[in-house]
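In the numbering used here, the protein residues as written are 8 to 200.
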């Protein structure tokens, strides 16, 4: 059990300091395969928000037919985040300990995959929120510029069309065209006062 415990400690350490999923999975596979005497260990973790998958395999050359074969989905609720497969003809860990070790490893990898998925989701949500904030900023600037143009005698519709035309003519985003108009009209009002 000492080997299994040490492998779990090292695996947990690798996952806790992992900056990149693929490097962490490769390091875990390279650690566990030889230390546990496995003929094959394969770990796959998918990230549904990025649409990517990380696969890593350690296979011992010239191995005999496997006495132990375990395949597990890394599952949380209805979501499958990956797959864990091992094959061993002569593992260095007893069969019962190997089974307990793999249950714990499965839990560690599933939790890691869920956290990675949530991190990716959070990044996408932040990016979407930033886009929405910029769109709201543009709408507010355009409304302010239109109201300032309306004070010069244009109707709101004509001011809107003029603002869009100015943006297109200057080949700048609508927010920049609106900022320019606001600055110009504010300067005119100060000079007039």
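For every residue, glycine included, the Cβ atom is placed at its ideal position computed from N, Cα and C.
Best match in 27, 107, 16, 10 for proximity to residue 122 [C-alpha to C-alpha]: Comparing Cα positions, the closest option is 27.
Could you give the distance in angstroms between the alpha-carbon of residue 104 and the alpha-carbon of residue 137? 49 Å
Taking residue 170 and residue 184 to be in contact with their CB atoms under 8 Å, please state how far apart those CB atoms are, rounded to whole angstroms. Rounded, the Cβ-Cβ distance is 6 Å, consistent with contact.
For residue 199 and residue 143, what's the separation of their Cα atoms in angstroms? 31 Å
Rounded C-beta distance between residue 48 and residue 14? I'm assuming under 8 Å. The pair is not a contact, with the Cβ atoms about 11 Å apart (cut-off 8 Å).
Is residue 200 near the ligand PLP, going by C-beta to nearest heavy atom under 7 Å? Although the ligand PLP was asked about, the structure shown includes no ligands whatsoever.
Threshold first: 4 residues or longer. Then list the alpha helix (DSSP H) segments lying entirely within the region 82-158, N to C. Counting only runs of 4+ residues, the alpha helix (DSSP H) found wholly inside the region 82-158 occupies 102-157, in chain order.
Which same chain residues end up closer than 7 Å to residue 37 when comparing Cβ atoms and leaving out the 5 residues on each side of it in sequence? 65
Just curious, the alpha helix (DSSP H) that residue 187 is in, first and last residue? 181-199
Measure the beta-carbon distance from residue 150 to residue 188 and round it to whole angstroms, keeping in mind my assumption that it falls under 8 Å. So it is not a contact: roughly 12 Å between Cβ atoms.
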